[in-house]
Amino acid sequence: MNANNGIISQSSPYSVTETIDRLEAILQAKGITIFARIDQRAEAKKVGLSLCPTQLLLFGNPEAGTPLMVAEPTIALDLPLKVLAWEAADGKVWLSYNDPDYLKQRFSLIDELVKNIAVIKPLINQALQ
């Protein structure tokens with residue numbers, strides 16, 4: 082696990098698509114809403130550009146996220162939560178997301194509210210097993 086500028090990146094043993102598929106299935110099983118899945122490689126291809134496989138998943142739970150936005154409205158810039166699966170030039174696949182501790186510091190959140198978004202870490206670990 083690597084933290085850099087508030088971003089955690091973990092290597093995935095799966096392809097970009099399978100990595101996002103696995104995480105999406107776990108989130109759905111937990112009743113977490115999937116708001117969007119964006120295949121950025123496909124979008125780049127539509128305009129004649131090439132990009133390594135890259136997919137962004139936006140997800141969340143309004144019951145958990147709303148109290149965060151009540152406490153600090155600008156956190157809505159980082160909510161819903163986002164996870165990026167991407168393939169590096171060397172073919173290695175990574176899963177990257179905002180570190181909940183970084184968001185805590187960035188928005189001066191209390192520990193009780195950070196718990197609402199800290200659930201991302203174990204869910205990602207589960208998807209990468």
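The opening residue of the sequence shown carries number 82 in the numbering used here; numbering runs sequentially from there.
Backbone N, C-alpha and C fix where the C-beta goes; we use that ideal spot for every residue, glycine too.
Source: prediction; values computed, not measured.
In the structure shown, what three-state DSSP assignment does residue i receive?
i, result
"M82", "With a pLDDT of 49 at M82, under the threshold of 50, the modelled position of that residue is not reliable, and the figure given next carries that caveat. M82 falls in the coil class under three-state DSSP."
"I107", "helix"
"I232", "Residue coverage of the chain in this structure runs from 82 to 210, which leaves residue 232 outside it and unanswerable."
With DSSP as the reference, please indicate the residues paired to residue i in a beta bridge.
i, result
"K163", "L139"
"V174", "S93, E168"
"D120", "Q136"
"I88", "N85, N179"
Would you call the CB atoms of residue i and residue j closer than 7 Å?
i, j, result
"A145", "N197", "yes"
"K163", "L139", "yes"
"G141", "P161", "yes"
Excluding five sequence neighbours on each side, which residues of the same chain lie with their C-beta closer than 6 Å to the C-beta of residue i?
i, result
"P181", "V195, I198, A199"
"T135", "Q121, R122, W167"
Does residue i get closer than 7 Å to chain C when you measure Cβ to Cβ?
i, result
"V174", "The structure shown contains no chain C, having only a single protein chain."
Can you list, in chain order, the residues of its chain whose CB lies under 7 Å from that of residue i, leaving out five sequence neighbours each side?
i, result
"T147", "none"
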